[in-house]
Amino acid sequence: MIALACDHTALEMKKEIKSLLDSMGLEYKDFGTFTEESCDYPVYGYRAAKAVASGECDRGILICGTGVGIGIAASKVKGTRVCTCSDVYTATLSKRHNNSNILTFGARVIGPGLAVMIARAWLEEPFEGGRHQRRVDQITAIENGEAL
Ligand code: RB5
């Protein structure tokens with residue numbers, strides 16, 4: 005189950021991502037927003053991130069104007085590993101090496117074609133594990149207040 009969220013800047017792009025998920029046979033849950041009325045991206049970023057952190061959803065794709073605000077908000081939820089990016093390479097490696105569980109991008113930064121390519125690459129890429137698991141575990145340790 006993929007958690008989706010956006011603010012008022014990204015409704016059209018969220019539709020494009022839904023079409024991609026439909027074509028890939030992946031289920032999703034939309035945490036809003038649902039209208040073009042100006043809204044606060046932290047609300048929707050938080051709701052979707054909570055669903056990922058709790059295990060209700062496996063991963064999340066969150067979109068605002070830049071991808072930055074909704075990504076910062078989501079990253080405040082313990083258990084998230086957020087990748088904000090505008091290119092396929094970063095999205096792919098963020099899964100392969102960092103096991104990112106939330107992808108964000110900006111509807112005012114990239115076009116729908118690139119957004120779909122980024123999302124597809126990120127969804128299809130496996131986590132490599134091995135030495136990268138150790139590093140992801142170190143990130144979790146930092147999150148838990150442990151010293152490295
Ligand atoms: C909304 O104007 C804009 O600030 C928001 O979409 C996002 O880009 C914030 O990071």
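Quick note: to get the working numbering, add 4 to the position in the sequence shown (first position is 1). Even glycine gets a Cβ: it sits at the ideal position worked out from N, Cα and C.
Closer than 8 Å is the cut-off here; do at least three beta carbon pairs connect the segment 101 to 109 with the segment 118 to 131?
yes
Comparing the CB of Thr84 with every heavy atom of the ligand RB5, is any distance shorter than 6 Å?
no
For Lys22, which residues of its own chain have a beta-carbon under 8 Å away from its beta-carbon, when the five flanking residues on both sides are left out?
Leu8, Tyr32 and Asp34
Where Arg139 and Phe131 are concerned, what is the direct C-alpha to C-alpha distance, given to the nearest angstrom?
12 Å
Quick check on DSSP: helix, strand or coil for Asp141?
helix
Hey, out of Thr94, Val72, Leu152 and Val113, whose CA is closest to Arg124's CA?
Thr94
Given Thr84, which residues of its chain have a CB within under 7 Å of its CB, disregarding the five upstream and five downstream residues?
Ala53, Val56, Ala57, Ala78, Asn105 and Ile106
Cross-strand partners of Gly64 (DSSP beta bridge)
Ala7 and Ile106
For Thr88 and Arg63, I'd like the C-alpha separation in whole angstroms.
14 Å
For Val47, report the span of its alpha helix (DSSP H) as first-last.
Tyr45 to Ser58
I need the straight-line Cα distance from Glu128 to Lys99, nearest angstrom please.
9 Å
Give me, in chain order, the residues of the same chain whose beta-carbon lies closer than 6 Å to that of Gly36; leave out the 5 immediate sequence neighbours on both sides.
Tyr48
Taking only heavy atoms of the ligand RB5 into account, decide whether any of them is closer than 6 Å to the Cβ of Gly73.
yes
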